[in-house]
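Participant:
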Amino acid sequence: MQDIVQFPFFQDVTDVVLVGWSCGGGVVDGVADLVPERLSRVVDLDVEVVHEGALLSEGWTDRERDQFQEMSDQAARTGWDHGTDTARPSPRP
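Under the numbering used here, the first residue of the sequence shown is numbered 23, with each subsequent residue one higher.
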């Protein structure tokens with residue numbers, strides 16, 4: 023997300039349209055919160071809405087969590103892991 027936040031500043035642009043698709047919707051929404059003065063529009067296409075303080079996986083079925091965990095484990099084994107922890111939500115305090 024940090025690369026996308028910095029992009030409008032490095033390019034010195036202020037009329038940016040961000041488009042997020044699927045899980046990318048969370049990224050562009052986060053960027054919009056951080057640099058609204060650089061954006062003219064945010065477009066979310068087929069995204070799952072995640073409310074503040076919630077985890078994306080809270081809306082998933084057990085099967086979906088298991089599939090995500092399997093993909094995450096495979097990514098870790100092949101070196102393509104980008105720091106994902108687990109699809110299982112942690113208990114909140």
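Just so you know, even glycine gets a beta-carbon here, dropped at the ideal spot from N, CA and C.
Counting beta carbon pairs with one atom in the region 86-95 and one in the region 67-75, are three or more of them shorter than 8 angstroms?
Facilitator: no
Participant: From the DSSP output, which residues share a beta bridge with Val72?
Facilitator: Here residue 72 corresponds to residue number 50 of the sequence shown, with the count starting at 1. Note: Val72 sits in no beta bridge, so no partner.
Participant: Take the Cβ of Gly75 as the centre, count every other Cβ of all protein chains shown within 10 Å, and call the residue buried at 16 or more, exposed below.
Facilitator: Here residue 75 is taken as the residue at index 53 of the sequence shown, counted from 1. By the 10 Å Cβ count, Gly75 comes out exposed.
Participant: Where Val35 and Asp84 are concerned, what is the direct C-alpha to C-alpha distance, given to the nearest angstrom?
Facilitator: Along the sequence shown, one-based indexing puts residue 35 at 13. Along the sequence shown, one-based indexing puts residue 84 at 62. Whole-angstrom Cα-Cα distance: 43 angstroms.
Participant: Measure the beta-carbon distance from Ser62 to Val38 and round it to whole angstroms, keeping in mind my assumption that it falls under 8 angstroms.
Facilitator: By one-based count along the sequence shown, residue 62 stands at place 40. By one-based count along the sequence shown, residue 38 stands at place 16. Ser62 to Val38, Cβ: 6 angstroms. Contact.
Participant: If you measure between the beta carbons of Val49 and Val27, is that distance less than 7 angstroms?
Facilitator: By one-based count along the sequence shown, residue 49 stands at place 27. By one-based count along the sequence shown, residue 27 stands at place 5. Against a cut-off of 7 angstroms, the Cβ pair of Val27 and Val49 comes out as no contact.
Participant: Which of the three DSSP states is assigned to Asp66 in this structure?
Facilitator: If you number the sequence shown from 1, residue 66 lands on position 44. DSSP places Asp66 in strand when its eight states are reduced to three.
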